[in-house]
Amino acid sequence: MATRSVKPTPRGKPSGVPFLASLVDVAAAAGLHAPIIYGGVERKEYIVETMGCGCAFLDYDNDGWLDIFVLSGTRFASAPEGATNRLYKNNRDGTFSDVTAKAGLLRTGWPCGVCAGDYDNDGFDDVFITYWGDNVLYHNNGDGTFTDVTKKAGVAANRTRWGAGCTWIDYDRDGKLDLFVSNYLDFDIRRAQKPGENENCRFKNIAVNCGPRGLPPGLHSLFRNNGDGTFTDVTKAAGIADVTGHYGLTAVAADWDEDGWPDIFVACDSTASLLLINNHDGTFREEGIERGAALSDDGIEQAGMGVGAGDYNLDGHLDIFKGHFTDDTNALYRNDGKGNFNDVTLPAGLGVETRFTGWGAGIVDLDNDGYPDLFLVTGNVYPEIEAKLYGYPYKTPRVVFRNLGNGKFEELIEAAGPGVASAHASRGCAFGDFDNDGDIDILIVNMNEPPSLLRNELKGDNHWLKVLLVGSTSNRSAIGASVIATYGGRKQAQAVLAQSSYLSVNDRRLHYGLGRATSADLEIRWPSGREEKIRSVAADQLVVVREGSGIIRKDRFERR
Amino acid sequence: MRYAVFLFLGVLAHGQDLLTAGREALERGEYAQAERLFREQVAKTPQSAEALSNLGTVLAREQKFDEAIKTYERALRADPKLTGVYFNLGVAYFKAVRYQAAVTPFAMFLKSQPKDPRARQLLAVSFVESAQYQRGIVLLEQLSQEQPNDPSVLFALAGAHIRAGDELRGKQLLKQLDTLNLPPASVHLLQGMLYYRGQQYDDSERELQEAVRLDPRSAPALAALGRLRLRVNDDPAAIDFFKRALAIQPQDAESNYQLGVLLGRNGQEARGRQYLIRAMEQRANYPDPMYFLAKMDLNENHPAQALKLLERAAQIAPDTESIRFLLARAYKQAGKDDLAKAQLAEFRRLQQKRLQRDRKAMDPDRPDPTQSMSTDKNEWR
Numbered sequence: 001m002a003t004r005s006v007k008p009t010p011r012g013k014p015s016g017v018p019f020l021a022s023l024v025d026v027a028a029a030a031g032l033h034a035p036i037i038y039g040g041v042e043r044k045e046y047i048v049e050t051m052g053c054g055c056a057f058l059d060y061d062n063d064g065w066l067d068i069f070v071l072s073g074t075r076f077a078s079a080p081e082g083a084t085n086r087l088y089k090n091n092r093d094g095t096f097s098d099v100t101a102k103a104g105l106l107r108t109g110w111p112c113g114v115c116a117g118d119y120d121n122d123g124f125d126d127v128f129i130t131y132w133g134d135n136v137l138y139h140n141n142g143d144g145t146f147t148d149v150t151k152k153a154g155v156a157a158n159r160t161r162w163g164a165g166c167t168w169i170d171y172d173r174d175g176k177l178d179l180f181v182s183n184y185l186d187f188d189i190r191r192a193q194k195p196g197e198n199e200n201c202r203f204k205n206i207a208v209n210c211g212p213r214g215l216p217p218g219l220h221s222l223f224r225n226n227g228d229g230t231f232t233d234v235t236k237a238a239g240i241a242d243v244t245g246h247y248g249l250t251a252v253a254a255d256w257d258e259d260g261w262p263d264i265f266v267a268c269d270s271t272a273s274l275l276l277i278n279n280h281d282g283t284f285r286e287e288g289i290e291r292g293a294a295l296s297d298d299g300i301e302q303a304g305m306g307v308g309a310g311d312y313n314l315d316g317h318l319d320i321f322k323g324h325f326t327d328d329t330n331a332l333y334r335n336d337g338k339g340n341f342n343d344v345t346l347p348a349g350l351g352v353e354t355r356f357t358g359w360g361a362g363i364v365d366l367d368n369d370g371y372p373d374l375f376l377v378t379g380n381v382y383p384e385i386e387a388k389l390y391g392y393p394y395k396t397p398r399v400v401f402r403n404l405g406n407g408k409f410e411e412l413i414e415a416a417g418p419g420v421a422s423a424h425a426s427r428g429c430a431f432g433d434f435d436n437d438g439d440i441d442i443l444i445v446n447m448n449e450p451p452s453l454l455r456n457e458l459k460g461d462n463h464w465l466k467v468l469l470v471g472s473t474s475n476r477s478a479i480g481a482s483v484i485a486t487y488g489g490r491k492q493a494q495a496v497l498a499q500s501s502y503l504s505v506n507d508r509r510l511h512y513g514l515g516r517a518t519s520a521d522l523e524i525r526w527p528s529g530r531e532e533k534i535r536s537v538a539a540d541q542l543v544v545v546r547e548g549s550g551i552i553r554k555d556r557f558e559r560r
Numbered sequence: 561m562r563y564a565v566f567l568f569l570g571v572l573a574h575g576q577d578l579l580t581a582g583r584e585a586l587e588r589g590e591y592a593q594a595e596r597l598f599r600e601q602v603a604k605t606p607q608s609a610e611a612l613s614n615l616g617t618v619l620a621r622e623q624k625f626d627e628a629i630k631t632y633e634r635a636l637r638a639d640p641k642l643t644g645v646y647f648n649l650g651v652a653y654f655k656a657v658r659y660q661a662a663v664t665p666f667a668m669f670l671k672s673q674p675k676d677p678r679a680r681q682l683l684a685v686s687f688v689e690s691a692q693y694q695r696g697i698v699l700l701e702q703l704s705q706e707q708p709n710d711p712s713v714l715f716a717l718a719g720a721h722i723r724a725g726d727e728l729r730g731k732q733l734l735k736q737l738d739t740l741n742l743p744p745a746s747v748h749l750l751q752g753m754l755y756y757r758g759q760q761y762d763d764s765e766r767e768l769q770e771a772v773r774l775d776p777r778s779a780p781a782l783a784a785l786g787r788l789r790l791r792v793n794d795d796p797a798a799i800d801f802f803k804r805a806l807a808i809q810p811q812d813a814e815s816n817y818q819l820g821v822l823l824g825r826n827g828q829e830a831r832g833r834q835y836l837i838r839a840m841e842q843r844a845n846y847p848d849p850m851y852f853l854a855k856m857d858l859n860e861n862h863p864a865q866a867l868k869l870l871e872r873a874a875q876i877a878p879d880t881e882s883i884r885f886l887l888a889r890a891y892k893q894a895g896k897d898d899l900a901k902a903q904l905a906e907f908r909r910l911q912q913k914r915l916q917r918d919r920k921a922m923d924p925d926r927p928d929p930t931q932s933m934s935t936d937k938n939e940w941r
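Protein sequence lines correspond, in order, to chains Z and S. The first sequence begins at 1 in our numbering and counts up one residue at a time. The second sequence begins at 561 in our numbering and counts up one residue at a time.
This is the structure in C-alpha cells:
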C-alpha cells in the first residue's frame, strides 16, 4: 500500500437533507459468530497477514434467498481451531445456519478473493477462490454440496502464486464463462524480509511488514472455458502475459467501453491499475493509463484495493469508485461511455476524507432515492502503529458518501447508522438484500472478528425494482450483461458482475432505487449481443428476465 | 563569512576629484554622499568602468543589491577585463540570495585567481544553494582539507552533505564542528537537518525549534520547520513558517516554491502562483514550480501555457514520471494526441524502471519470477 500524503479538502456545510437509510449490524443475532481469522492480531510480520479477504452474497441453493459465503484465513504460528471459509444458509427469518462442512467447503489456508458464476450452465452458481497458495474451483452440485474440481478443470496455477482478484467473464462471447485471475505479488516466506529491514518495511519510520513495493509483482492469468468442464490457459495467447509490473487485486469484468465485448478493470495496489480492453479476437490490450483509469489525476500510483462499479451520475454509463490508502483520497472516475475516464474525485466532494484505508467499495443506492450512493469499508493494515501514531488507528468506521443528485456527495458516518459508525479493521464487503425487503444490506469481512451484517432499516416510501437476469444463449448467470433502467426522467446503468467491491461477490439481482417513480423501462444488453427492451415494469418487485423470453417471474417482497 | 570587496582604485586624469571624494566618503561610511559623488561621475563618463564599479560598491554597501548588480554588469560591459568586478558581482548576487546567478561571476573571477579561498567557498555555497550538491561538495571538501579548522567551511560542508542525503558524512562533520567554536544555533540547525534526513521528525522539530529560539532570524531553520509541518498536513503552521523564512530571505527559491504550493492548495491560487513564479525566477532550472504552475494552467484550461512550462521541466528532469504524465495530459488537452501517446509511453517506461529498482533494493538475488519455482511449498499453507 502506498500513501500519497494528500491533504483533505475542506468540508462544506451539511446538506441538512435527512438520510432515510440506517445500517445496523445484526451479525450476532443472525448467527454469524465465527471470527474471520487473518494473521496476527496485535502485529503483522508479513504482508500476507494484512490483505484479508472477500465474501459473497450468493444464492447457492436457488431458493430465492441470499446465502453468505465468508472467506477466512489462518495464522503463521498455528491455525486456530475453526479457521476455515464458511458457508451460511439463509433460514429466511433473519438468521443463518453454518453449512460449511455439509457443503464440503471446509478449508484452511490464506484465501484472498472469491468469484461466483455458473461456468457449466447447469443453473447453480459455482465458486472460485484465490489463495496465497493454490486456488480452488468448487463446482456446485445443485444438492447443497460442492466438489473441488480445480485439477480436473485445469485452473490450478502452474506454480505457487498469490492469487487475489478473480472474475468470470465470457471474453469470447461463446456463452460459456471463462476465468480471469489477478495475482497480487510473488511472496516467498523463505526469503521474506522482516519489519524494518529496508525502506519498504517502514511506515512513518515505524518498522512494519515489508511490501508491496520492492516485491515482485504478480502475473495474471486467463483460462478459456472448453465447455466440457475443463479450461485452457490462454494467458499468453490473449496477451495477458504481456501485462507485467502491477500488484493486481480486485478484478471487475464489464463492458466498460460499451462495444458489446467485456473488458476487465483490475484495481492495483501501489502501481497503475489496469484496464484490459477486449480486442474482439480473443486478445486484450492494456490501456488503463491512456484511458485515465489507472492513476490519480497527477499521475501518482494509488493503493487500489476495492472497486465499486455503477452509474453515479445517471448518464447510462458505468463509473468506477476505488478505495485507497490512508492519507490519500478515494477515487471516483466518470466514464464517458467509450471507456475513457475522468477523475472527478475532488469536484464530486470525495476529497474531504483521507483518514482511512478503504477496501470494499460499492456504488449502491442505499436510500432508494434513485441516486446511487458510495459505500466504503475501511481499516488500517498495521495494528502495531496506533500506539505510536494516534492518527492511524487500526479499526476505523465505514463511510457513506450520499449522492446529492448534482454530481456531488456528502460524507455520512454516524448519520448513516450505528453499523456504519462502528470501527473495525474491515476488508471485503458484499452488497445484497439478504432479507428480501427491497433495500440493500451489506456483508463485511472484519479482520480477526466475526463479520458484520449491516441490515438496512430504511424509512420512507421510496420505490425500488430488482432485476435478475437468466442467460440462454449467453451464460446462464448473465455475467457481463448490463441493464439501463429509465425511471422518473433518469437512466441508470448497472452490470451483472462476478466480482467487485474488494475481492467479493454482490447479489446478482440488480437493485434500482426509483425514488418517487412507480415504474421503470428496462434496456438489457446480454453478453451474446442481444438487446431487449421491457417497458413500464412496475416498482417494488423482483422481475426475473430470461434472455429472449422477457419477464418469466415476478416476486413482490414483504416490507420487513 | 566576511566578503572582501574589490574597490576599483585605478586613477584617470578626468574626473579624478569626484572619484577620490567618493572613495573617501565610502571609507568614512557616508554611503549617501559616496553614492551622490559616484553618480555624478557616472553621469559625466557613462562608459567609465571605474566609476560604475565604484558606484556598484556603494550600492551594495547600502544593500541595494538589484541596483548594484545592474551597475556591476554595466561596468563589466564597459571593460570585461576587470576581474575584481566579477567577484563583487558574485557577492551581490549571493547577498541577494540569487545563488544560481552568483555561480558564473564567481567562476569568471576564479579563472584569473583560481586559488582565492573566499571565491571558492562562495561558489561552493552557491552551488549547494542551487541544489547542485555534488559540485558544491567537491569544492568544499578541497577547502576543508586546506583549512581543516575553519568552522564556516565545515558548517557549509556538513549542510551540503546532509542536504545531498549523506547522513553519515554529515554526522562526522557535526562531530568535528563540536570542537570548534560554532554558534549553537547553527549546531542545532545542522542537527535538526540530520534528524530530518533520518526521518526522526520529532527530534528534528525539537532541534530546529531550538535553533530558532537561539537565532529567530535563522531562515533555513524556519524553512525546515515549514517542511516538517507540511509533512503532517498542518498547512496553517507551514504557511506561517515559510512566510517567516521568506521575510528574512525573500530570494530562497525552495521556500517560495513550498509557499506557492501551500497557498495554491488552500484556495489562494493567485497568490500561490506569484510565489511559484518567483521560485522559478530565482532558480532557473527548477522543475517543481514549473510543474505546479502548469497544473494550475491545465485546471484553468490553458494547455498552451502549461505545455511551455512542462516541456521545459521535462528537459530539466527528463526522468520525472509526474512531469511526463502531466505533459501527456497537456498534449491531450491541446489536441496533440500523438505527442500525448508518446509521453505516456515514456511515462510507462519510467514506471517499469522504478519498479525494477525497487525490486533490486528489496531482494537483489531473487530469481526471475516469471520462471517456475520449485514445487516445494512452505509448511504454513
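C-beta: ideal position from N, C-alpha, C; glycine also.
Alpha carbon of residue 809 (chain S) to alpha carbon of residue 884 (chain S), nearest angstrom: 32 Å
Residue-chain proximity (residue 2 (chain Z), chain S), Cβ-Cβ < 8 Å: With a pLDDT of only 44 at residue 2 (chain Z), under the threshold of 50, the placement of this residue in the model should not be trusted; the figure read from the coordinates follows. Not closer than 8 Å to any Cβ of chain S, the Cβ of residue 2 (chain Z) fails to qualify, so no.
Cβ neighbour criterion (16 or more within 10 Å) applied to residue 18 (chain Z): exposed
Boundaries (first-last residue) of the beta strand (DSSP E) holding residue 460 (chain Z): For residue 460 (chain Z), there is no enclosing beta strand (DSSP E), as DSSP gives it neither H nor E.
DSSP three-state assignment for residue 501 (chain Z), whether helix, strand or coil: strand
DSSP three-state assignment for residue 952 (chain S), whether helix, strand or coil: This structure cannot settle anything about residue 952 (chain S), because the visible part of chain S is limited to 561 through 941.
DSSP bridge partner residues for residue 231 (chain Z) (one or two, in chain order): Z:225
Residue burial classification, residue 681 (chain S) (beta-carbon count within 10 angstroms, cutoff 16): buried
Residue burial classification, residue 617 (chain S) (beta-carbon count within 10 angstroms, cutoff 16): The C-beta of residue 617 (chain S) has 16 or more other C-beta atoms within 10 Å across all chains shown, which makes the residue buried.
For residue 56 (chain Z): DSSP bridge partner residues: The bridge partners DSSP lists for residue 56 (chain Z) are Z:69, Z:505.
7 Å Cβ cut-off: residues of chain S touching residue 27 (chain Z): Simply none; closest approach about 28 Å.
Burial state of residue 471 (chain Z) (16 or more Cβ within 10 Å): buried
Rounded C-alpha distance that separates residue 755 (chain S) from residue 730 (chain S): Rounded to whole angstroms, the gap between the alpha carbons of residue 755 (chain S) and residue 730 (chain S) is 11 Å.
Chain-ordered neighbours of residue 907 (chain S) on chain Z, where CB pairs are closer than 8 Å: 289, 299
Backbone secondary structure at residue 896 (chain S) - three-state DSSP: In the structure shown, residue 896 (chain S) sits in coil (DSSP, three-state: anything other than H, G, I, E or B).
Outcome for residue 574 (chain S) when other beta-carbon atoms lying within 10 angstroms are tallied against a minimum of 16: Reliability of the predicted coordinates at residue 574 (chain S) is poor, the pLDDT of 47 falling under 50, and no value is obtained from them.
Where the alpha helix (DSSP H) through residue 474 (chain Z) begins and ends: Counting along the chain, residue 474 (chain Z) falls outside any alpha helix (DSSP H), and DSSP gives it neither H nor E.
Length-filtered (4 minimum) alpha helix (DSSP H) runs lying within the segment 675-727 of chain S: 677-689, 693-706, 711-723
Reference residue 513 (chain Z), options Z:238, Z:372, Z:478, closest by Cα: Restricting attention to Z:238, Z:372, Z:478, the CA atom closest to the CA of residue 513 (chain Z) is found in Z:372.
Counted within 10 angstroms of its Cβ, other Cβ atoms place residue 698 (chain S) as buried (16 or more) or exposed: exposed
Under 8 Å from the C-beta of residue 918 (chain S): neighbouring residues of chain Z: 200, 213, 214
Closest Cα partner of residue 417 (chain Z) within the set Z:442, Z:274, Z:326: Z:442
Residue 687 (chain S) at chain Z interface by Cβ criterion, 8 Å: no
With 16 other Cβ atoms within 10 Å as the buried cut-off, status of residue 36 (chain Z): buried
Within-8 Å CB hit, residue 726 (chain S) to chain Z: no
Segment contact, 8 Å Cβ cut-off, at least three pairs: the segment 141-153 of chain Z with the segment 163-175 of chain Z: no
Residue 166 (chain Z), DSSP secondary structure in three states: The three-state reading of DSSP puts residue 166 (chain Z) in strand, counting E and B together.
Buried or exposed by the 16-neighbour rule on C-beta atoms within 10 Å, applied to residue 62 (chain Z): exposed
Closest Cα partner of residue 909 (chain S) within the set Z:49, Z:163, Z:245: Z:245
Check whether residue 239 (chain Z) and residue 183 (chain Z) have beta carbons under 8 Å apart: no
Residue 552 (chain Z) classed as buried or exposed, judged by whether at least 16 other C-beta atoms fall within 10 angstroms: exposed
Status (buried if at least 16 other CB within 10 Å, exposed otherwise) for residue 411 (chain Z): Buried is the call here.
Rounded Cβ spacing between residue 700 (chain S) and residue 728 (chain S) (contact assumed at less than 8 Å): Contact doesn't hold; Cβ gap of about 16 Å is too wide.
Three-state secondary structure assigned by DSSP to residue 201 (chain Z): It is helical.
Chain-order list of residues whose beta-carbon lies under 7 Å from that of residue 388 (chain Z) (same chain, five-residue window excluded): Within its own chain, the residues whose Cβ lies closer than 7 Å to the Cβ of residue 388 (chain Z), once the five positions on either side in sequence are excluded, are 206, listed in chain order.
Per DSSP, cross-strand counterpart(s) of residue 333 (chain Z): Z:320, Z:343
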